[in-house]
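Report on the structure given below.
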Amino acid sequence: PTTQQVMIDTISAGPTTVILTGSHTNFAIFLMTYPHLKGNVKHIYTMGGGVRSKNPTGCCPKDVTTACTPQQCGDIGNLFSSYSTNPYAEFNIFGDPFAAYQVFHSGIPITLVPLDATNTIPVNEEFFYAFQQHQSTFEAEYCFKSLKMARDTWSDDQFHASYFMWDSFTSGVAISGMRNDKDCLHGNDFAELEYMNITVITSNEPYGIYDGSNPLFDGHAVPKFGLKKGGVHSGHVQTGIVDSFCIIEGSRKGRCEDGYTKEISGLEAVRVRVATKAKSNVDKNSRLDREFFKSFLEGLNSP
């Protein structure tokens, strides 16, 4: 069956919690095509975006003695090959900003697990070696082999500082949220949460310019999906990793914000529950510094 058919069958059967760990395209198509089923979606958990995040990778060491050019250090986003054009976007949301906008503005309750939180749970050496020593199920063996493959083929020696528990951490936050839904803000076992007013940026100001970059407006007498001319979707759309519109001369950081989960006020704002940090391990004597690490290994090794 197609992805759409799986969603139709599952969601039409009753209240459903949805977890998104990639581009929102398929789910946005579902919501726009079958709006009568939207009421069956109880909650959406999604890994993506960056709100107040500051990228910890690409920074120069404090005691550096040779020339060092910082790359994504301090950026909100993580498009490692595109910080010179868009320092604000995270990969999943950047994949289809308009789809993400539709999901965020659907009216369905959302918990966002952005880079703000995932940047605080890197796959550090202590966790990696604890995982290496605890593989009592086929699932644990498979997951560790996959993780080791990523480490062994990493482009530099900074794997443990640059590779984060993105999707698995989001799944843990979702499971804890479903178990403790009576205290949706403070009852999560793995993440600190707070409400923020955000939107997803889909195009760049000035709005209402038609330069051939925007497939929702350019070449259409009537904009697609009934969108408003001159509205927030009507600006320049980043056309690729290298886009001259996005480059600011003399600056290493670009101006484009496509895919930015931006904190705003006003009518465009959506109230979203946002994970801001991975919780520390309650066992202060453990070598695993995050509560999720302990639960991850216990769950994966359960028969």
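In this text, residue positions in the sequence shown follow UniProt numbering: the first is 1, and each later residue adds one. A virtual CB, placed ideally from N, CA and C, is assigned to each residue, including glycine. Source: prediction; values computed, not measured.
Pair within 8 Å by beta-carbon distance, residue i and residue j
i	j	result
asparagine 301	threonine 137	yes
asparagine 86	cysteine 256	yes
leucine 79	phenylalanine 98	no
alanine 278	alanine 117	yes
serine 53	asparagine 124	no
phenylalanine 30	leucine 20	no
arginine 273	isoleucine 121	no
aspartate 218	tyrosine 207	no
histidine 236	asparagine 204	yes
phenylalanine 296	glycine 172	yes
alanine 275	leucine 112	yes
serine 162	aspartate 96	no
arginine 271	glutamate 126	no
leucine 216	lysine 224	yes
tyrosine 45	alanine 174	yes
phenylalanine 144	glutamine 135	yes
glycine 254	isoleucine 248	yes
isoleucine 8	tyrosine 260	no
lysine 262	asparagine 281	no
Burial state of residue i, where buried means 16 or more other Cβ atoms lie within 10 Å
i	result
valine 242	exposed
asparagine 180	exposed
residue 308	Since the first residue of the chain shown is 1 and the last is 303, residue 308 is not available in this structure.
serine 114	In the sequence under discussion, the amino acid at residue 114 is proline, which differs from the serine named in the question. Classification for proline 114: buried.
glycine 50	buried
tryptophan 166	buried
serine 176	buried
glycine 246	As written in the sequence, residue 246 is cysteine, which differs from the glycine given in the question. It is buried - the Cβ of cysteine 246 has at least 16 other Cβ atoms within 10 Å.
aspartate 283	exposed
asparagine 285	exposed
aspartate 152	exposed
tyrosine 195	exposed
serine 244	exposed
glutamine 72	buried
serine 82	buried
glutamine 132	exposed
glutamine 5	exposed
serine 251	exposed
leucine 193	buried
serine 168	buried
alanine 89	buried
glycine 48	buried
isoleucine 264	exposed
tyrosine 101	buried
Identity of the residues DSSP links to residue i by a beta bridge
i	result
alanine 275	Leu193
phenylalanine 293	DSSP output for phenylalanine 293 lists no bridge partner at all.
asparagine 204	His236
phenylalanine 164	Pro122
threonine 199	Lys262
valine 270	Ile198
serine 280	Arg290
Contact between the region 101-112 and the region 192-211: three or more CB pairs below 8 Å?
yes
Quick one: which unbroken beta strand (DSSP E) runs of 3-plus residues sit fully inside the region 96-133? Chain order, please.
110-113
The region 15-22 / the region 34-45 touching (three or more Cβ pairs under 8 Å)
yes
Determine, using beta-carbon pairs with one atom in the region 143-150 and one in the region 232-248, whether at least three such pairs fall under 8 Å.
no
Along the chain, which unbroken stretches of the alpha helix (DSSP H) at least 4 residues long are found entirely within the region 8-94?
25-33, 91-94
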